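Protein chains in written order, with this note's numbering: chain A, 1 to 362; chain B, 1 to 362.
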């Protein structure tokens with residue numbers, strides 16, 4: 001998909017999800033940038049500790065990838081964020097300097113295009129520039145957010161996307177494709193190939209017959225035998241066209257903003273993070289309760305919303321506050337759904353406080 | 001699936017394929033056996049080089065896993081095989097001793113239950129014993145072969161299977177389930193969990209609602225969101241029952257032996273490896289040609305078989321000899337198919353040598 005601003009010469013592979021796509025991106029980064037042949041000789045052979053950088057809001061799959069790849073979870077330096085939950089560039093620069101002074105080997109910066117908690121978009125342009133200046137790999141986790149790049153109005157915010165060395169994103173989120181379908185793009189196909197290709201007598205291509213033809217996909221991913229994921233992605237794109245996706249993604253974002261405005265308009269609901277994409281984090285806060293009580297209250301409120309079949313938001317914790325988290329990637333969502341969610345949140349919140357059975361209220 | 005002799009307390013997870021299952025098995029091995037906390041501090045923190053052992057016939061995904069995990073491909077010690085393509089136990093013991101002397105840290109033995117090239121089954125019992133004596137992790141790659149354990153007549157050969165610390169196998173091979181469905185079992189669920197569990201505010205379980213209930217599968221694998229692979233596996237097992245699988249697997253093995261006997265009975269065909277499971281490797285060898293010419297001849301022969309729609313064998317190289325490789329995991333295979341394959345191989349072979357258009361012959 002060079003609709004995300006990657007050159008035609010870039011390589012890519014469909015994966016089971018963004019966790020695997022992130023893993024492959026970081027693997028290519030590690031094997032490409034390391035000061036030694038870690039692919040053959042292992043991480044123990046590298047001089048100095050390879051470190052990588054992302055914000056505290058980075059997805060857990062990236063930290064897990066650091067473990068899997070033998071970098072160690074601690075090698076993922078969690079850089080603080082600003083009030084918009086974007087990575088703090090000053091802190092990032094300082095962390096790189098500090099690591100270099102201590103003899104470590106910074107090798108990769110991870111940018112977020114839509115963080116899991118709040119949908120925040122890191123300053124991708126600046127990160128791309130910093131990565132280039134410091135000779136680091138620039139990987140972007142754009143699990144769902146990368147697809148906002150389809151919208152002209154997001155072009156500025158997300159421009160740095162096309163400057164990444166590798167980019168992971170899902171089709172099974174904001175392209176409404178069924179599980180499992182994600183993708184990793186790598187700008188330098190040669191590095192991608194070098195990090196993942198294997199040769200084996202039972203795999204090497206033949207001049208003729210069934211094993212002739214293009215290079216096997218397994219040379220760009222972890223899987224060997226694999227399902228035909230591309231079919232559903234390609235058919236969806238062909239059938240609906242990019243314009244329809246553009247419209248639906250925009251609709252999801254506008255709906256999220258609408259929900260945000262409803263929350264802000266309410267005296268008893270509190271927005272816990274700015275709405276920058278399609279994620280809204282809020283809580284019921286009628287005043288007069290400490291944080292612990294609010295957390296318990298909102299956990300109960302969320303359970304009631306889910307158990308009674310009203311709505312199925314997820315949850316997270318924002319600055320220690322339990323948040324009801326609405327991640328709107330449903331093309332069937334309608335404005336009235338969000339209106340109803342707000343009404344139900346208020347009514348259930350009140351019912352819990354009054355210890356009335358919530359059935360009596362909504 | 002504790003039908004493979006694993007205790008009920010073992011953990012397991014379905015994966016997209018055996019490559020991923022092997023990767024997870026070796027990851028748990030690495031993080032469990034390493035002399036330091038490599039999960040948090042990385043491979044660079046380990047004292048000495050972590051090494052693992054498998055035969056030269058081990059699948060490429062295991063060597064690729066060694067790269068991914070930061071062990072390095074070279075850390076996978078390829079131990080020679082005997083004439084039946086089973087690992088040479090003496091050479092294995094010597095390799096472990098040699099590595100220890102050089103300050104390396106052996107941590108894992110990989111056994112094959114059905115090698116990719118010839119279907120050879122390593123002496124699993126002895127490997128299990130050796131691993132226990134040397135305090136190494138014992139992983140088995142049983143991509144398809146593990147399921148031979150369902151047959152009482154294979155109990156002796158494959159008994160060591162149930163002594164493995166981890167076991168990878170596919171449902172999409174010898175359980176006739178569509179792609180993608182594989183599995184890794186880990187005897188010690190706690191170690192499995194420890195190597196792969198992450199905590200994140202948006203993932204941690206809740207007391208009530210949709211996030212209550214059993215622990216998320218992501219704590220045992222690489223994926224987070226995932227398709228419902230278990231459905232097709234469970235429904236297939238329920239619908240057909242273990243007995244039917246037993247019958248079909250046995251049928252596939254008997255058919256492979258039948259093909260082997262046809263090859264041996266022919267003057268111009270040559271069996272390149274013993275038939276130990278369901279894989280038959282043979283070539284056309286009418287005599288009087290050197291190895292190079294035979295390799296070219298059989299490559300052409302295979303291409304003709306495939307391109308003319310007669311049969312779709314794969315290929316490999318056995319001791320430098322290009323082999324036509326029949327891996328029989330099709331429940332629809334019939335004896336006459338193999339008879340036809342032999343006839344066609346002979347006829348096409350002859351046609352190539354006589355430079356007659358092969359259409360005229362078969």
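We put the CB at the ideal spot given by N, CA and C, even for glycine. Fair warning: this is a prediction, and the values are worked out from it, not measured in the lab.
Can you tell me which of the options puts its alpha carbon nearest to the alpha carbon of residue i?
i: residue 32 of chain A; options: A/353, A/189, A/115 and A/169; result: A/189
i: residue 7 of chain B; options: B/317, B/132 and B/166; result: B/166
i: residue 349 of chain A; options: A/295, A/326, A/58 and A/337; result: A/295
i: residue 231 of chain B; options: B/26, B/182 and B/272; result: B/182
i: residue 91 of chain A; options: A/39, A/67, A/55 and A/17; result: A/55
i: residue 308 of chain A; options: A/333, A/226, A/289 and A/345; result: A/345
i: residue 105 of chain A; options: A/76, A/118, A/87 and A/149; result: A/76
i: residue 25 of chain B; options: B/152, B/169, B/290 and B/251; result: B/169
i: residue 272 of chain B; options: B/238, B/85 and B/13; result: B/85
i: residue 19 of chain A; options: A/68, A/61, A/224 and A/39; result: A/61
i: residue 143 of chain A; options: A/159, A/134, A/151 and A/172; result: A/172
i: residue 108 of chain B; options: B/132, B/12, B/114 and B/101; result: B/132
i: residue 160 of chain A; options: A/118, A/113, A/174 and A/176; result: A/113
Do we get a CB-CB distance below 7 Å when we pair residue i with the residues of chain B?
i: residue 208 of chain A; result: yes
i: residue 146 of chain A; result: no
i: residue 119 of chain A; result: no
i: residue 188 of chain A; result: no
i: residue 238 of chain A; result: no
i: residue 116 of chain A; result: yes
Which of the three DSSP states is assigned to residue i in this structure?
i: residue 300 of chain A; result: helix
i: residue 277 of chain B; result: coil
i: residue 305 of chain B; result: helix
i: residue 353 of chain A; result: helix
i: residue 88 of chain B; result: coil
i: residue 215 of chain A; result: coil
i: residue 198 of chain B; result: coil
i: residue 339 of chain B; result: helix
i: residue 69 of chain B; result: coil
i: residue 170 of chain B; result: strand
i: residue 258 of chain B; result: helix
i: residue 106 of chain B; result: strand
i: residue 141 of chain B; result: strand
i: residue 78 of chain B; result: strand
i: residue 58 of chain B; result: coil
i: residue 310 of chain A; result: coil
If we cut at 7 Å on Cβ distances, does residue i have a partner in chain A?
i: residue 316 of chain B; result: yes
i: residue 345 of chain B; result: no
i: residue 101 of chain B; result: no
i: residue 41 of chain B; result: yes
i: residue 251 of chain B; result: no
i: residue 291 of chain B; result: no
i: residue 225 of chain B; result: yes
i: residue 17 of chain B; result: yes
i: residue 362 of chain B; result: Legend: pLDDT at residue 362 of chain B = 46, less than 50; position of this residue unreliable, no value from coordinates given.
i: residue 220 of chain B; result: no
i: residue 202 of chain B; result: yes
i: residue 180 of chain B; result: yes
Work out the CA separation of residue j and residue i for me, nearest whole Å.
i: residue 394 of chain A; j: residue 29 of chain B; result: Residue 394 of chain A is absent from the structure shown; chain A starts at 1 and stops at 362.
i: residue 162 of chain B; j: residue 147 of chain B; result: 12 Å
i: residue 299 of chain A; j: residue 310 of chain A; result: 15 Å
i: residue 145 of chain B; j: residue 51 of chain B; result: 25 Å
i: residue 285 of chain A; j: residue 302 of chain A; result: 13 Å
i: residue 192 of chain A; j: residue 138 of chain A; result: 14 Å
i: residue 94 of chain A; j: residue 48 of chain A; result: 18 Å
i: residue 153 of chain B; j: residue 245 of chain B; result: 14 Å
i: residue 228 of chain B; j: residue 266 of chain B; result: 48 Å
i: residue 332 of chain A; j: residue 239 of chain A; result: 17 Å
i: residue 334 of chain B; j: residue 225 of chain A; result: 25 Å
i: residue 292 of chain A; j: residue 208 of chain B; result: 17 Å
i: residue 234 of chain B; j: residue 243 of chain B; result: 15 Å
Assuming residue i and residue j form a contact by the criterion Cβ under 8 Å, report the distance between their Cβ atoms to the nearest whole angstrom.
i: residue 205 of chain A; j: residue 197 of chain A; result: Rounded, the Cβ-Cβ distance is 12 Å, inconsistent with contact.
i: residue 202 of chain B; j: residue 116 of chain A; result: 6 Å
i: residue 34 of chain B; j: residue 46 of chain B; result: 5 Å
i: residue 252 of chain B; j: residue 278 of chain B; result: 5 Å
i: residue 342 of chain A; j: residue 263 of chain A; result: 7 Å
i: residue 58 of chain A; j: residue 141 of chain A; result: 7 Å
i: residue 220 of chain B; j: residue 13 of chain B; result: 4 Å
i: residue 39 of chain B; j: residue 42 of chain A; result: Rounded, the Cβ-Cβ distance is 16 Å, inconsistent with contact.
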